[in-house]
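To start, the structure under review is shown below, and the notes come after it.
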Amino acid sequence: MTPTRMLTRITLGAVAAAAAAVVAAPMASAGPPTYRSLQECQDAGFAQVGAAGGAFSGKQFECEKTYGVPAGVAGCPTTAGSSGCIGEYYILRTKDA
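The sequence shown lines up with residues -30 to -1, 1 to 67 when you count with mature numbering (1 follows the signal peptide of the UniProt record, and there is no 0).
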């Protein structure tokens, strides 16, 4: 095997390992808070706005609807596997205006 061919195999292996890590990383990361109901999400958002100083604090939130979450998030059991859980979930997104 030539050194160039060996380097190509090592490089392709490294790229594949890095790609696998990037794909697995979002599943393992904490990410924004996710809730099973819109009401739970809104309650948490209002609580964060209140903790920041109220309506005039500049803190804003929205509850974004999604149809699937990774295992271990918002009541999806950690044993759900790599595909996670399918259903209606709400992601709490906050920002400072």
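Each residue gets a CB set at the ideal place from its N, CA and C atoms; glycine is no exception.
Pair every Cβ in the segment 13 to 25 with every Cβ in the segment 38 to 56, then say whether three or more of these pairs are closer than 8 Å.
-> With a cut-off of 8 Å, the segment 38 to 56 and the segment 13 to 25 do not count as touching, because too few Cβ pairs lie within range.
Are residue 66 and residue 28 touching if we call contact CB-CB under 8 Å?
-> In this structure, residue 66 lies near residue 28, with their beta-carbon atoms less than 8 Å apart.
Evaluate residue 2 with the Cβ neighbour count: other Cβ atoms within 10 Å of its Cβ, from every protein chain shown; 16 or more gives buried, anything less gives exposed.
-> With fewer than 16 other Cβ atoms from the protein chains shown falling within 10 Å of its own Cβ, residue 2 counts as exposed.
On the DSSP bridge assignment, give the partners of residue 37 in chain order.
-> DSSP, once it has assigned bridges, lists no residue as partnering residue 37.
CB-CB under 6 Å to residue 42, same chain, minus the five flanking residues each way: which ones, in chain order?
-> So the qualifying residues of the chain are 48.
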